[in-house]
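According to the numbering used here, the stretch in the sequence shown is residues 2 to 286, in order.
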Amino acid sequence: MIQSMTGYGKSVIQLPTKKISIEIKSLNSKNLDLNTRMPSLYREKELDIRKLIASKLERGKIDFSLYMEITGEETSTQINRTVVKQYIKQLKEVVDGDETELLKMAIRLPDAVTTERDEIDEDEWAQISNEIDNSLEKIHQYRLDEGKTLESDFFTRVQNISELLDQVIAMDPERIEGVRERLQKGVSELKEKVDQNRFEQELIYYIEKFDITEEKVRLKNHLEYFLKALKSPDSNGKKLGFIGQEMGREINTIGSKSNYAPMQKLVVQMKDELEKIKEQLLNVL
């Protein structure tokens, strides 16, 4: 089953002192283009996150964001009580001042306040990691749902091309007869005596140059192969793109060989349907 490269997944988790929001957005891209945004506290986990996303989403322009909002009384800055008391004691020996004023002075002195480096709590990270998995599941489901819409559209377009091809096949004998009549009319207008056997040989050679039997067969095979690839368990947009290119070659050759206005109109319609398929294929994983 095909998947779209467009997707969105979000999860929110409330921890004792903080709220964590995780967002993953995905758009189409030829390769994996991954951007991450997260607080410095979790940067050491970035490589693991990148590996996980790459294994799950494979391809696309992906933005991963992890937001942290402090909701509890948590701070990494602490007053060094022992140092502050020593500062106040020393200041009293120098000046005779109010305790509050001395405290204001002491708190500005070196080492009065210390900032501890935050360390990741592994139990906390396990919960966050689980929510990342949930977000990836949501974006995966989003891609599958989008893929179903694309699959339905592809099926309709391929059926349209197939029906147009049937009209081309039905019209082909009429086209060949028209080519034969035009050649015979052209020769008769010359008012010259011609070798009938030689004329028939040249006519056969000329008509063979405009024969589209092989192109019709190959295009029909490509259409069937495209539908078969759509039902494949794995989504492979690049493979479908290659099949689409082959379909385009056969359609173009039929158009160049047809030399018959009604058939060329059908070819233009086939090209239009194929162009719509190619546009949508850019968004298939």
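Quick reminder that beta carbons are idealized off the backbone N, C-alpha and C, glycines included.
C-beta contact flag for residue i and residue j at 9 Å
i	j	result
Ile133	Ser27	no
Gly238	Asn198	no
Arg44	Asp64	no
Leu165	Leu267	yes
Glu100	Leu16	no
Ile255	Val180	no
Val159	Ile252	no
Gly8	Tyr143	yes
Leu275	Ile205	no
Lys20	Thr72	yes
Leu104	Leu53	no
Tyr68	Glu24	yes
Ser12	Asn135	yes
Bridge partners - residue i, DSSP secondary structure assignment
i	result
Gly10	Ile25
Ile80	Val114
Ser5	Val285
Lys19	Ile71
Span of the beta strand (DSSP E), counted from its first residue to its last, around residue i
i	result
Asn222	Taken as a continuous stretch (DSSP letters only), Asn222 belongs to no beta strand (DSSP E), being part of the alpha helix (DSSP H) at Thr214 to Leu231.
Asp34	Leu33 to Arg38
Assigned exposure category for residue i - 16 Cβ within 10 Å defines buried
i	result
Gln4	buried
Asp173	buried
Arg183	exposed
Phe155	buried
Met2	exposed
Gln246	exposed
Arg250	exposed
Ser153	exposed
Glu70	exposed
Gln281	buried
Leu48	exposed
Ile50	buried
Ile80	exposed
Residue i - containing alpha helix (DSSP H), residue span
i	result
Lys62	Where Lys62 is concerned, there is no enclosing alpha helix (DSSP H), although the beta strand (DSSP E) it sits in stretches over Gly61 to Ile71.
Gly238	Gly238 to Ser259
Lys52	Glu47 to Leu58
Leu104	Glu100 to Ala107
Spell out a yes or no on whether the stretch 53-61 and the stretch 33-40 are touching, meaning 3 or more CB-CB pairs, one atom from each, closer than 8 Å.
Three or more Cβ pairs closer than 8 Å define a contact, and the stretch 53-61 meets that threshold against the stretch 33-40.
Would the stretch 259-269 count as touching the stretch 220-238 if we require 3 or more Cβ pairs under 8 Å?
No, because fewer than three Cβ pairs between the stretch 259-269 and the stretch 220-238 fall closer than 8 Å, the two stretches do not touch.
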